[in-house]
Amino acid sequence: MDDTLPTGDLAARRLIDAVGNRLEEALRTVEDQLRFRHALAALPAQWRAVRHDAAALRRAALGGEPAALARDVGGDPGRPGVAISGAPHAGGVAVLAANLARAREAARSLEEELRRGSGALAPTAERIRYRIYALEGATLGFLHRRARLAEARLHVLVTTALASGAPEEVAAAAIRGGAQMIQLREKSLEGREFLALAERLLIINDRVEIAALSGADGVHLGQGDIRAAQARRFLGPEAIIGLSTHDPTEAARAAEEGADYIGVGPLHETRTKEHRRAVGLGFIAAAAAATDLPGFAIGGVNRETIPAVLAAGARRVAICTGVIADPDPEGAARHFRALVDRAAGAASPR
1 MDDTLPTGDL
11 AARRLIDAVG
21 NRLEEALRTV
31 EDQLRFRHAL
41 AALPAQWRAV
51 RHDAAALRRA
61 ALGGEPAALA
71 RDVGGDPGRP
81 GVAISGAPHA
91 GGVAVLAANL
101 ARAREAARSL
111 EEELRRGSGA
121 LAPTAERIRY
131 RIYALEGATL
141 GFLHRRARLA
151 EARLHVLVTT
161 ALASGAPEEV
171 AAAAIRGGAQ
181 MIQLREKSLE
191 GREFLALAER
201 LLIINDRVEI
211 AALSGADGVH
221 LGQGDIRAAQ
231 ARRFLGPEAI
241 IGLSTHDPTE
251 AARAAEEGAD
261 YIGVGPLHET
271 RTKEHRRAVG
281 LGFIAAAAAA
291 TDLPGFAIGG
301 VNRETIPAVL
311 AAGARRVAIC
321 TGVIADPDPE
331 GAARHFRALV
341 DRAAGAASPR
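Using our numbering, the first residue of the sequence shown is number 1, and each one after it goes up by one.
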């Protein structure tokens with residue numbers, strides 16, 4: 001059913017034109033801020049897609065007729081010099097927040113106007129509005145927590161069965177050697193034993209309730225675990241949430257799902273991921289192109305494989321047996337940290 005506006009309905013056409021302009025301008029501002037001020041690539045591309053959808057919707061509502069034909073700037077009571085201008089922005093994130101709010105409001109206004117008549121285009125406006133909601137959460141969450149991960153390049157996974165000593169001692173040695181993140185990965189410990197160990201470590205694998213009870217910094221989730229957004233509701237806005245990804249599609253949606261970093265792999269066959277096929281080194285570049293989230297190359301990263309992993313573009317690595325099974329975990333961590341730091345000196349970490 002046709003949902004274009006009658007040519008003679010100037011008031012409705014002016015409203016669609018004005019609201020559509022406001023929506024597209026707000027989306028463009030968000031896109032530009034993320035691209036140029038924050039030097040991001042994947043998130044701006046997602047916002048650009050929403051902007052293109054909004055522009056297509058406005059054209060459809062006006063039947064392809066140039067929107068400016070209905071425009072009456074002089075008769076607009078909100079024109080400059082008549083309306084009160086907004087307050088100055090406090091900073092770059094304030095610019096983003098203001099324009100995200102403007103985009104949400106404009107999307108709702110556009111949707112309500114399109115519900116007049118047949119309403120055939122209103123569902124499209126509704127989808128755009130909900131897309132804005134989802135991307136807003138991903139964008140502001142990413143910017144809020146990114147500083148905590150900005151310099152993290154060496155992530156060590158601790159598993160009791162594979163460690164060369166007591167897990168907390170091995171973890172402490174890895175930290176002395178330069179590990180910036182420690183993840184406790186235990187699949188067989190009972191809850192009480194797991195909790196006692198978790199209270200001495202930092203990131204918990206899979207077990208959101210243990211992360212919450214132990215006061216850990218965060219949790220690392222697999223694709224089959226509860227959703228990152230659900231873990232966020234449980235752990236709070238400051239928690240660091242990681243998500244394992246195995247292909248570009250999973251990497252691309254990780255930020256929107258609520259993750260702060262991703263695991264990129266497994267790159268090689270590994271004892272800790274025996275059920276998962278290796279994805280190969282090509283996934284390193286594909287993941288970096290798909291998301292702005294920090295990506296830790298994982299899966300069989302050791303002294304023999306790390307040169308190729310870094311050559312493929314990795315600037316962050318997650319290592320298990322290469323550190324914790326070594327008789328000298330501190331020295332092993334120092335070795336890997338030096339390599340990733342050297343690689344990151346030629347390219348900013350992603």
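Note that beta-carbon positions come from the ideal geometry of N, C-alpha and C, so glycine has one too.
Under the three-state DSSP convention, the category residue i falls into
{"i": "residue 220", "result": "strand"}
{"i": "residue 302", "result": "coil"}
{"i": "residue 264", "result": "strand"}
{"i": "residue 29", "result": "helix"}
{"i": "residue 242", "result": "strand"}
{"i": "residue 297", "result": "strand"}
{"i": "residue 226", "result": "coil"}
{"i": "residue 279", "result": "coil"}
{"i": "residue 166", "result": "coil"}
{"i": "residue 85", "result": "Any answer about residue 85 is weak, because its pLDDT of 48 lies below 50 and its placement is not dependable; what the coordinates show is given next. Reduced to three states, the DSSP call for residue 85 is coil."}
Own chain partners of residue i with C-beta closer than 7 angstroms, once the 5 adjacent residues on each side are dropped
{"i": "residue 51", "result": "24, 27, 28 and 31"}
{"i": "residue 15", "result": "113"}
{"i": "residue 245", "result": "251, 254, 262, 263, 264 and 287"}
{"i": "residue 122", "result": "111, 114 and 115"}
{"i": "residue 124", "result": "57"}
{"i": "residue 341", "result": "153"}
Endpoints, beta strand (DSSP E) assigned at residue i
{"i": "residue 157", "result": "154 to 158"}
{"i": "residue 318", "result": "317 to 319"}
Residue i, buried or exposed, once every other Cβ within 10 Å from all chains shown has been counted against 16
{"i": "residue 144", "result": "exposed"}
{"i": "residue 167", "result": "buried"}
{"i": "residue 10", "result": "exposed"}
{"i": "residue 206", "result": "buried"}
{"i": "residue 307", "result": "exposed"}
{"i": "residue 196", "result": "exposed"}
{"i": "residue 171", "result": "buried"}
{"i": "residue 282", "result": "exposed"}
{"i": "residue 292", "result": "buried"}
{"i": "residue 258", "result": "buried"}
{"i": "residue 326", "result": "buried"}
{"i": "residue 186", "result": "buried"}
{"i": "residue 318", "result": "buried"}
{"i": "residue 266", "result": "buried"}
{"i": "residue 194", "result": "buried"}
{"i": "residue 173", "result": "buried"}
{"i": "residue 218", "result": "buried"}
Element boundaries [alpha helix (DSSP H), containing residue i]
{"i": "residue 195", "result": "191 to 198"}
{"i": "residue 46", "result": "42 to 61"}
{"i": "residue 183", "result": "Careful: residue 183 lies outside any alpha helix (DSSP H), inside the beta strand (DSSP E) at 181 to 184."}
{"i": "residue 249", "result": "248 to 257"}
{"i": "residue 211", "result": "208 to 214"}
{"i": "residue 138", "result": "122 to 145"}
{"i": "residue 151", "result": "Taken as a continuous stretch (DSSP letters only), residue 151 belongs to no alpha helix (DSSP H), as it is neither H nor E."}
{"i": "residue 331", "result": "329 to 344"}
Pick from the options that is closest to residue i, judged by C-alpha positions
{"i": "residue 286", "options": "319, 35, 300 and 312", "result": "312"}
{"i": "residue 47", "options": "305, 147, 133 and 221", "result": "133"}
{"i": "residue 64", "options": "34, 93 and 17", "result": "17"}
{"i": "residue 192", "options": "181, 214 and 178", "result": "214"}
{"i": "residue 137", "options": "36, 314 and 229", "result": "229"}
{"i": "residue 19", "options": "345, 108 and 164", "result": "108"}
{"i": "residue 152", "options": "125, 270 and 240", "result": "240"}
{"i": "residue 169", "options": "330, 95 and 280", "result": "330"}
{"i": "residue 53", "options": "41, 186, 126 and 42", "result": "126"}
{"i": "residue 200", "options": "158, 41 and 338", "result": "158"}
{"i": "residue 260", "options": "95, 94, 150 and 58", "result": "150"}
{"i": "residue 129", "options": "222, 100, 60 and 162", "result": "100"}
{"i": "residue 105", "options": "21, 336 and 325", "result": "21"}
{"i": "residue 256", "options": "267, 266, 232 and 277", "result": "232"}
{"i": "residue 39", "options": "61, 103, 119 and 142", "result": "142"}
{"i": "residue 295", "options": "155, 95 and 49", "result": "155"}
{"i": "residue 336", "options": "103, 303, 345 and 344", "result": "303"}
{"i": "residue 131", "options": "175, 345 and 103", "result": "103"}
{"i": "residue 343", "options": "305, 310 and 323", "result": "310"}
{"i": "residue 178", "options": "164, 316 and 297", "result": "316"}
Residues near residue i in its chain [Cβ-Cβ closer than 8 angstroms; skip 5 each side]
{"i": "residue 97", "result": "140"}
{"i": "residue 268", "result": "278, 299, 300, 301 and 305"}
Proximal residues to residue i (C-beta, below 6 angstroms), its chain only, five neighbours per side dropped
{"i": "residue 248", "result": "286 and 290"}
{"i": "residue 270", "result": "299 and 300"}
{"i": "residue 44", "result": "31, 34 and 35"}
{"i": "residue 220", "result": "183, 203, 205 and 242"}
{"i": "residue 208", "result": "219, 231 and 234"}
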